[in-house]
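Undergrad: Final position of the sequence shown in the numbering used here is 1057; the numbers increase by one with none missing. Heads up, the beta-carbon is just placed ideally off N, CA and C, and yes, glycines get one too. Got a structure for you, questions after.
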Amino acid sequence: MKIDIVSTLTIISGLLGLIGAIYRLAQVEANINARISGVERNMLAEVDALKDDLLNKLNSTEGKIERHLVQYEGDKENIYIYRLNDNSKAIEHKFNRLANWITQIAALLYKQCGFQIQDNKF
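And the structure:
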């Protein structure tokens, strides 16, 4: 068997080409893996930033809601007290006016025809 230089060079160049292709494929794979890792790190960082931002907004909103609830309770209590106070004063005023009118009518009836109301107050 005769070893031919052309065949040997063809085999060696084929093996070198195969090794080069495998090496280049390994480089491309490493590059893809590095980019995937970078994207994964960036996504995790963005998700953490969004999570922190969301938590800050939720805490801020919760604080605002608590302040508004406290303010609402205070306003509700004040409005309730003022409305009751205003209503009771209006009722007292109307009662006093009506009692005064009844007294005047009773005095007029007594003066004109001698009619006397049988009530202890009058």
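#1: Which first and last residues belong to the alpha helix (DSSP H) in which G998 is found?
#2: What distance in whole Å lies between the Cβ atoms of Y1045 and Q1051, which are believed to be in contact at a cut-off of 8 Å?
#3: Using only the alpha-carbon positions, how far apart do I1014 and D1021 sit?
TA: For this structure:
#1: For the purposes of this step, residue 998 is identified with residue 63 of the sequence shown, where counting begins at 1. Where G998 is concerned, the enclosing alpha helix (DSSP H) stretches over 940-1048.
#2: Along the sequence shown, one-based indexing puts residue 1051 at 116. Along the sequence shown, one-based indexing puts residue 1045 at 110. 6 Å between Cβ atoms; contact.
#3: As a working mapping, residue 1014 is identified with position 79 in the sequence shown. As a working mapping, residue 1021 is identified with position 86 in the sequence shown. Answer to the nearest angstrom: the Cα atoms are 10 Å apart.
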